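Chemist: Please read through the structure below; I'll follow up with questions.
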Amino acid sequence: MICTQLAEKVLSSEKDCLMYIPHVAKNDPAEVVLFEKYKDEQAFKAHEESAYFQEAAKKFANLLEGKIQVKFLKEV
Numbered sequence: 003m004i005c006t007q008l009a010e011k012v013l014s015s016e017k018d019c020l021m022y023i024p025h026v027a028k029n030d031p032a033e034v035v036l037f038e039k040y041k042d043e044q045a046f047k048a049h050e051e052s053a054y055f056q057e058a059a060k061k062f063a064n065l066l067e068g069k070i071q072v073k074f075l076k077e078v
């Protein structure tokens, strides 16, 4: 699975990525959620600019029905 391979690469390559966990919805295996946590916004930007992320994003684009949705959350 693209998500699992990407998670392994991210966690082994990005010291400022604190968490990267792929999930699949129980009631819809076509729905994938990547739960990610970074040290700061700069770490997230570095992630997006990495060659392996860009490669994975191209693969995702061929599989998605809609656009990738990114939500930034505040920990409470």
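Numbering follows the numbering used here, in which position 52 of the sequence shown is assigned residue number 54; successive positions increment by one, without gaps.
Here a beta-carbon is modelled for each residue, glycine too, at the ideal position from N, C-alpha and C.
As the structure is a prediction and not an experimental result, all values here were calculated from the model.
If you drop the 5 nearest sequence neighbours on each side, which residues of the same chain put their C-beta closer than 8 angstroms to that of H49?
Modeler: Taken in chain order, the residues that qualify are V12, E16, C19, E38, Y40 and F55.
Chemist: Short check: CB of A9 to CB of P31, under 8 angstroms?
Modeler: No, Cβ-Cβ distance for A9 and P31 is not below 8 angstroms.
Chemist: Consult DSSP for E67 and reduce its assignment to one of helix, strand or coil.
Modeler: Three-state DSSP puts E67 in coil, outside helix and strand.
Chemist: Sort K76, V78, I4 and E77 by Cα distance to V35 and report the nearest one.
Modeler: It is I4 whose Cα lies nearest to the Cα of V35.
Chemist: Alpha carbon to alpha carbon, how far is S14 from Q71? Give it in angstroms, no decimals.
Modeler: Between Q71 and S14, the C-alpha separation is close to 24 angstroms.
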